[in-house]
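Okay, structure first, notes after.
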């Protein structure tokens, strides 16, 4: 196992020790013990930056199910590296922050950090796995662990609701993604992303190509909270703020972005892919920013802003995918690849400023007891450092210089402007909408950024509206957002270093050809000259945005034009309630509580299923050529069995029935003796004896033996079912001889002595060749035993209670 | 209701040991002759059941204080661990090894990891059978 594979499992393995730290060292915040893990991983990953920047990549395989082509293959290239660095880097800061945010005394810290480490490992698994099945496994693990994190304060109804919602939406997207992966597998015969990308030329003619694309996109869109699946993200804000900062800004929601970027080499250059990804992205961008302006809760505002920013990154990836359509030396190719660069650049920028903003909001919440902007205000003088961070983060998000958001926003404007003159996929008509939507959304983005800063930190300070008297946060809570905002500034001044070492390898992973082969410029610069349209777009954004912010009250009535019930949340809730009621009705129909009914269903299904198969496949063949001759002993035994079996039905007392049942069992044992299977005969004999003892134990207490009084109709029905089952089983037994689909494997076991050193073949099969069966069998046995024990103990204790209450 | 069961008690005092010996024999014979962990365990369990039938539960518990639920659990655990241990030698899960050794009294004997696996099976079988029988009989009163 290589270090890279181990890196994925390190957080998950380490999680085992968390309860130990929590219990044994209660005087130290458990977070301190967790902190080294992401930090060490981050340092380990940074060591591979130089190799990756030189065009290298790492791949390691640990075989898991090699016969199915499912192997635990890790693949580290520029794209994976960006995500992995974010996961570990932001992870370190978030854990540092959480040490001061979560109270040692009140919170179940061990649970929190176990979930967080589990999530971290899963997330690393998603971005580093090359095998589709393994990727899917980790993908769903992120859904599960984020469910646990969102529901961390599970005593609250809203936390549970939010957790369930995010789980339902992301998991259903994940399942459709799995279907897409399976389609890809059936087209290429491989689970490896690398291999599929190499085979891509022959893919696009397949009839499964478009369905696979749509299904995979569904997975990506649900995970990245794209319109209309964005509804889970605001509800997920019930999670503790460190979780929001980590999952909902820097990592989990970026998994969908990663997936789209990863599959751009497979699907890029297709009109469907281009249109869906860029349009959904733009719509999400617009809708997120539009809805964010109306929010009064700071965290909800950030949630919608995250949705909108994710939409922006998504749309840039969509526009960049056109690069696959053009020849590598054309101007259009250059512009398209710029869009991909911008997407990855903004991905990193967004993680820095949004992470910081979430932490800032957490500080405000922590120190004042509220996140409602109607109650906040005037915190600037009381919390100057927090205010500085908030301002830097918000201005970066609004796209103002000198912060990194400005650079990526300018590149986004270039992308939408060039996309509209690409002249492909009918862009000449609808393409005009791209810059318009992008610009309007940017204005709204500017407005909510200003709301975030100025409503919270300027104006009148109203201590009577706050639950606590505000003061500056402890230093430990300020350092993590401080580091993030310093990145915000540093990246603005040194974007080229960032581009050379981190971004270009990432773009190279998405583009069709290596970067050196293109006359390609990756100059990220803040200044494009006076005549650049991007600059004037930004200027207009600032002017209009400021006006809108100042006169917010006069136009906010727009929002009341939308009826409250007309939202995707209503649809989601209706589906939830509907499916619950529907399944309840259905379940009531067949779960009657009568054992007889259940047996009826089971037997009727057996008759129907097996009967149909036999009938449909002409499976009923009597082939007597292989039969051994029947001798007189066997005939006698069979007649005894038959008489005993029929006798049970007519038995007058329970004792007779038990004895007749015993006769049946012993006769079967004698059959085993005749057919030379002494092991089976022994087992059968002992089982019969033990079960007879069991009967003796409870015999005295069983209710009186009486014939059931049932109507003629029911009797007739029982007769039909029982005759049916008997007939079907007989038919199956008779046709087994005539339908040999495979060669007998018994010759393999003849080597038992050589292979397993056992002269007793039965035993060699049980313990050597099919030991897995045996192992699970005794497991089932033990569970059944415990089940009987629990049932009986539970019953008697309840009985005692009743007696006591009387 | 007091029943005179002197005959049963006297017989079972001797019979139990015969059955127990037989059970151990079956267990050890397993690899080459009819027998094995499952049957061996069942026979051992039936010997214990006989004891419980002849004497009452309290008396037997004083002599053989075993928690059969725990026993079943340990049995499963032993079997699973046997399977896992083969992973440390780089072979497949549940891979069994055997070899021949020259032991002082027995002469050349085959020793195999299957025996450890079978111990787990036997423990699980005995534990389960007696858990069920004891809990049902305890429920009666």
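Residue numbers (the numbering used here), protein chains in the order written: chain A, 1 to 806; chain B, 807 to 947.
Note that beta-carbon positions come from the ideal geometry of N, C-alpha and C, so glycine has one too.
Within chain A, partners of residue i - CB distance below 8 Å
i	result
residue 913 of chain B	Here the premise fails: no neighbours, minimum Cβ distance about 16 Å.
residue 897 of chain B	Near residue 897 of chain B there are no residues of chain A at all, since even the closest Cβ is about 13 Å away, more than 8 Å.
residue 931 of chain B	778, 781
residue 859 of chain B	693, 696
Residues that residue i contacts on chain B, provided the C-beta gap is smaller than 9 Å
i	result
residue 590 of chain A	Result: empty, since nearest Cβ-Cβ is about 30 Å, beyond 9 Å.
residue 662 of chain A	Under the 9 Å cutoff, chain B gives no residues; its nearest Cβ is about 15 Å from residue 662 of chain A.
residue 786 of chain A	875, 878, 879, 934, 937
residue 759 of chain A	837, 838, 839
residue 775 of chain A	882, 885, 886, 888, 889, 900, 923, 926, 927
Residue i classed as buried or exposed, judged by whether at least 16 other C-beta atoms fall within 10 angstroms
i	result
residue 359 of chain A	buried
residue 814 of chain A	In the structure as shown, chain A starts at 1 and stops at 806, and residue 814 of chain A therefore has no counterpart that could be examined.
residue 183 of chain A	buried
residue 270 of chain A	buried
residue 93 of chain A	buried
residue 924 of chain B	buried
residue 763 of chain A	buried
residue 875 of chain B	buried
residue 807 of chain A	One cannot answer for residue 807 of chain A here, as it falls past the ends of chain A, which runs 1 to 806.
residue 309 of chain A	buried
residue 815 of chain B	exposed
Residue i at chain B interface by Cβ criterion, 7 Å
i	result
residue 329 of chain A	no
residue 686 of chain A	yes
residue 792 of chain A	yes
residue 778 of chain A	yes
residue 772 of chain A	yes
residue 509 of chain A	no
residue 782 of chain A	yes
residue 678 of chain A	yes
residue 702 of chain A	no
residue 142 of chain A	no
residue 5 of chain A	no
residue 763 of chain A	yes
residue 15 of chain A	no
residue 767 of chain A	yes
Cβ-heavy atom distance, residue i to the ligand NAP, below 6 Å
i	result
residue 930 of chain B	This structure simply doesn't include the ligand NAP, nor any ligand for that matter.
Minimum Cβ-Cβ distance from residue i to chain A less than 7 Å
i	result
residue 842 of chain B	yes
residue 852 of chain B	yes
residue 833 of chain B	no
residue 882 of chain B	yes
residue 814 of chain B	no
residue 826 of chain B	no
residue 807 of chain B	Confidence is the limiting factor: at residue 807 of chain B the pLDDT is only 46, short of 50, which leaves the residue's position unreliable, though a coordinate-based value still follows. Judged by the 7 Å Cβ criterion, residue 807 of chain B is not in contact with chain A.
residue 830 of chain B	no
residue 904 of chain B	yes
residue 923 of chain B	yes
Where residue i meets chain A, residues with beta-carbon distance less than 7 Å
i	result
residue 855 of chain B	690, 693
residue 918 of chain B	757
Contacts of residue i in chain D (Cβ-Cβ under 9 Å)
i	result
residue 942 of chain B	Going by chain labels, chain D is absent from the structure shown, which instead holds the protein chains A and B.
Close Cβ partners of residue i (< 8 Å) along its chain, the five nearest in sequence each way excluded
i	result
residue 533 of chain A	413, 417
residue 277 of chain A	217, 260, 314, 315, 317, 318, 321
Same chain, Cβ closer than 6 Å to residue i, neighbours up to 5 away in sequence not counted
i	result
residue 199 of chain A	188
residue 292 of chain A	301, 304, 305, 448
residue 861 of chain B	none
Proximal chain B residues relative to residue i, where beta-carbon distance stays under 8 Å
i	result
residue 683 of chain A	844, 845, 848
Sequence-distant residues of the same chain with beta carbon closer than 7 Å to residue i, five excluded per side
i	result
residue 45 of chain A	81, 84, 85, 88
residue 854 of chain B	936
residue 371 of chain A	297, 298, 299, 361, 364, 365
residue 776 of chain B	Absent from the model: residue 776 of chain B. The displayed extent of chain B is 807 to 947, so no value can be given.
Original post:
With contact counted as at least three CB pairs below 8 Å, one residue from each stretch, are the stretch 891-900 of chain B and the stretch 859-873 of chain B in contact?
Top reply: Contact between the stretch 891-900 of chain B and the stretch 859-873 of chain B is absent, because fewer than three Cβ pairs lie under 8 Å.
Original post:
Does the pairing of the stretch 661-676 of chain A with the stretch 643-652 of chain A give three or more beta-carbon distances under 8 Å?
Top reply: Taking a cut-off of 8 Å on C-beta distances, the stretch 661-676 of chain A touches the stretch 643-652 of chain A, as three or more cross pairs fall below it.
Subject >> Sufficient close CB pairs (3 or more, under 8 Å) joining the stretch 247-258 of chain A to the stretch 218-232 of chain A >> reply: Judged by Cβ distances under 8 Å, the stretch 247-258 of chain A makes contact with the stretch 218-232 of chain A, as three or more pairs qualify.
Subject >> Sufficient close CB pairs (3 or more, under 8 Å) joining the stretch 742-759 of chain A to the stretch 612-631 of chain A >> reply: Result no; under three Cβ-Cβ pairs closer than 8 Å.
**OP:** Give a yes or no on contact between the stretch 240-251 of chain A and the stretch 139-153 of chain A, applying the rule of three or more CB pairs nearer than 8 Å.
**Re:** The answer is yes - the stretch 139-153 of chain A touches the stretch 240-251 of chain A, with three or more Cβ pairs under 8 Å.
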